[in-house]
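Report on one structure; see the data block that follows.
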Amino acid sequence: MTRRLVYLTLTGVLMLTAFPLYFSVVVASQDNSALSHVPPPVLPGANLFENIKRVFDTVPFDQALLNSLIVSGINTASVVLFSTLAGFAFAKLKFKGRTALLLAVVGTMMVPMQLGIIPLFMLITKLEWHDTLLAVTVPALVNAFGVFFMTQYLSEALPTELLEAGRIDGAATHRLFWHVVLPVARPAAAVLGMLTFLNVWNDYLWPLVVLASPENQTVQVALSQLRAGYVQDYSLALTGTMLATLPLLIVFGLLGKQLIGGIMQGAIKG
Amino acid sequence: MRTWLYKADTQLSPYLYISPFFLLFAVFGLFPLGYTAWVSLHDWSLLADEHAFVGLGNYAELLADPYFWNALRNTLSILALSTIPQLILALILAHLVNRPLRARTLWRLGLLLPNVTSVVAVVVIFSQLFGRDFGLINWLLESFGLGRIDWQAGVASSHVAIAAMITWRWTGYNALIFLAAMQAVPKELYESATLDGATAGQQLRKITIPSIRPTIIFVVIVSTIYGLQVFAEPQLFAGGGPNGIIGGPDRQFQTLTLYMYEHGFNRGFEFGYASATAWVMFGLIVLAAAVNYLITRRIRSSR
């Protein structure tokens with residue numbers, strides 16, 4: 535395969551991956567009547583702000599954005615903290631049952647949690663968390679992937695001598711964690727944080743099941759409401775899509791390179 | 015005193031640090047999954063106070079329901095239509111990117127871009143593209159002199175549309191995973207193969223694929239587990255609402271998770287029946303993982 539053909543193919547792929555997102559901007563900036571023209575519009579129109587206003591009038595989108603920000607923010611912080619703690623223990627501390635427990639963590643990564651959704655719903659109802667943000671936040675405070683990811687990273691990146699030196703100076707384990715482990719863990723923590731933020735922000739089935747009232751919904755559930763309805767209002771639905779995706783694209787633009795590095799690193803060891 | 019404290023610290027701290035994960039997993043992961051089995055043996059609905067034990071009654075009812083078999087067929091069809099092209103494309107893309115390239119980061123960012131987009135967003139966008147009257151794809155088909163397709167209406171066409179959404183969202187991500195594995199393959203293998211006159215395609219088949227087999231098995235299994243649980247794509251493709259729950263007016267694309275959702279959260283909250291569905295799906299997932307593992311192993315040993 536010649537080099538030129540490789541670049542040509544990759545450019546084609548890039549257009550295929552970017553086009554649907556570009557097209558959502560096109561649709562979001564048109565009024566609905568323009569969408570029924572032949573040929574369909576391929577350039578952005580002038581109706582974007584009108585459509586944004588309609589999104590906020592149709593569903594409590596500002597509240598949904600705020601809810602998503604709260605849930606994703608809390609879960610990102612907690613997943614990073616708890617995963618780093620557990621990763622530190624598994625990577626560098628000696629304790630009975632370590633290997634078996636780490637195997638248990640790895641084993642749970644592939645378990646399809648979605649299938650436990652009915653008892654989970656019953657449990658959340660019993661706790662009276664139904665229709666509150668607690669219902670989506672607490673079960674996701676930490677996960678097996680995060681623990682495994684940080685264990686892998688810390689077992690290589692954290693020098694054992696550094697910990698031993700701290701021990702000789704009389705530092706307790708929690709001091710080692712704050713002053714030695716956390717600074718070393720920072721690059722991996724950034725990647726894990728981003729992955730977690732993306733996953734929580736984009737989660738759909740569980741929030742849909744458990745968050746009933748519009749003012750408690752996350753942004754994905756609000757988005758699905760824009761899609762519902764007998765008459766399909768595409769410019770409305772796609773404006774919502776654009777608004778919900780924009781924050782992620784900004785993060786992606788700023789930190790995408792690190793994210794790719796993290797995914798690929800996790801893959802080799804995983 | 016100090017040594018006692020030191021001992022307590024070094025012996026207890028590790029357990030303290032791993033306990034958040036195990037506690038949360040036990041309460042919100044393991045317990046619900048296990049309890050699903052117990053609930054599935056009862057006539058258990060949210061609205062009733064009594065939960066009569068019915069043994070395998072829910073399972074018998076499930077297996078006698080043609081809609082269940084319909085959902086199973088739809089799920090397997092969408093699984094095959096999305097997973098197979100996705101993995102082949104991902105392998106080829108990873109192979110293309112696994113060479114010295116200009117603007118390396120750009121291509122990789124492009125690969126990951128769809129995966130950053132949420133499932134809901136992807137379905138909303140693709141529902142417009144696959145629209146019957148004003149969709150871009152139908153417009154393209156028509157301008158090439160082909161007929162319009164009512165993508166949602168048909169069994170095969172709706173499955174293709176849903177598979178396209180899954181493929182678009184996951185191909186690049188999987189390509190990056192494959193790429194990571196490919197970079198660990200010794201470069202000398204390719205150099206000597208090039209000297210022997212092997213083409214890029216031959217190198218992909220004879221060197222790359224055998225070398226990254228564990229990663230391929232991993233990706234195949236993860237994609238299968240995802241594919242068997244597809245929910246948002248069919249639900250929102252039908253526009254949400256009552257049609258979304260049954261996966262189109264004729265249930266032409268209702269998947270197993272949608273079927274479980276329909277019974278668990280819409281028709282009188284039949285928790286027992288929906289739990290039986292969940293356990294059947296769990297069995298299917300274990301079976302699929304095992305079959306995938308065996309097939310992928312066979313591919314290797316037959317060469």
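In order, the protein sequence lines correspond to chains L and D. Residue numbers for the first sequence follow the numbering used here, so the first one is 535 and each next one is one higher. Residue numbers for the second sequence follow the numbering used here, so the first one is 15 and each next one is one higher. By construction, the Cβ of each residue, glycine as well, lies at the ideal position given by its N, Cα and C atoms.
Per the coordinates, the alpha-carbon of residue 67 of chain D lies some 51 Å from the alpha-carbon of residue 794 of chain L. Of all residues in the segment 723 to 752 of chain L, those with a C-beta nearer than 8 Å to a C-beta of chain D are 732, 735, 736, 738, 739, 743, reading in chain order. The distance from the Cβ of residue 233 of chain D to that of residue 101 of chain D is about 7 Å, consistent with a contact at the 8 Å cut-off. For residue 714 of chain L, the closest Cβ of chain D is not nearer than 9 Å. Identification of chain L residues near residue 99 of chain D by a Cβ-Cβ cut-off of 9 Å yields none; the smallest Cβ-Cβ distance measures about 13 Å. When beta bridges are read from the DSSP output, residue 612 of chain L appears opposite no residue. Contact note: residue 570 of chain L reaches chain D through 147, 148, using a C-beta cutoff of 9 Å and chain order. Between residue 792 of chain L and residue 725 of chain L, the gap from beta carbon to beta carbon is short of 9 Å. By the criterion of a C-beta distance shorter than 6 Å, residue 602 of chain L is surrounded in its chain by 735, 752, 753, once the five residues flanking it on both sides are discounted. Pairwise C-beta distances place the segment 538 to 550 of chain L in contact with the segment 104 to 118 of chain D, as three or more of them are shorter than 8 Å. With contacts defined as CB atoms closer than 9 Å, residue 229 of chain D and residue 195 of chain D qualify as a contacting pair. Using a Cβ-Cβ cut-off of 9 Å, residue 113 of chain D counts as an interface residue toward chain L, since at least one Cβ of chain L sits closer than that to its own. Residues 92, 247, 248, 251, 267 of the same chain have their beta carbon placed closer than 7 Å to that of residue 176 of chain D, with the five preceding and five following residues left out of the count.
By the neighbour-count criterion, in which 16 or more other beta carbons inside 10 Å mark a residue as buried, residue 201 of chain D falls on the exposed side. Check the Cα spacing between residue 40 of chain D and each of L:588, L:672, L:733: the tightest is with L:672.
The beta-carbon of residue 605 of chain L is placed no less than 9 Å from the nearest beta-carbon of chain D.
Residue L:537 holds the alpha-carbon nearest to the alpha-carbon of residue 114 of chain D among L:537, L:674, L:719, L:570. Under the 9 Å criterion on CB atoms, residue 687 of chain L is classed as non-interfacial with respect to chain D.
Near chain D, meaning a CB-to-CB distance below 9 Å, the residues of the segment 693 to 709 of chain L are 701, 704, 706, 707, 708. For residue 778 of chain L, no pairing in a beta bridge is given by DSSP. Contact annotation, residue 165 of chain D with residue 136 of chain D: C-beta distance approximately 15 Å; criterion of less than 8 Å not satisfied. Secondary structure of residue 284 of chain D (DSSP, three-state): strand. Here residue 305 of chain D is exposed. Its C-beta has fewer than 16 other C-beta atoms within 10 Å. Taking every protein chain shown into account, the CB of residue 558 of chain L has 16 or more other CB atoms within 10 angstroms, so this residue is buried. For residue 789 of chain L, same chain residues with a beta-carbon under 8 Å away, outside a window of 5 residues either side, are 724, 728 in chain order.
For the C-beta of residue 138 of chain D, the chain L residues within less than 9 Å are, from N- to C-terminus, 558, 757, 758, 760, 761, 768, 771, 772, 774, 775. For a Cβ distance threshold of 9 Å, residue set 651, 652, 655, 743 of chain L lies close to residue 278 of chain D, ordered along the chain. For residue 597 of chain L, the nearest beta carbon of chain D is not closer than 9 Å to its own beta carbon.
When the beta-carbon positions are compared, residue 46 of chain D and residue 676 of chain L stay at least 9 Å from each other. With respect to chain L, the C-beta atom of residue 304 of chain D has no partner C-beta closer than 9 Å.
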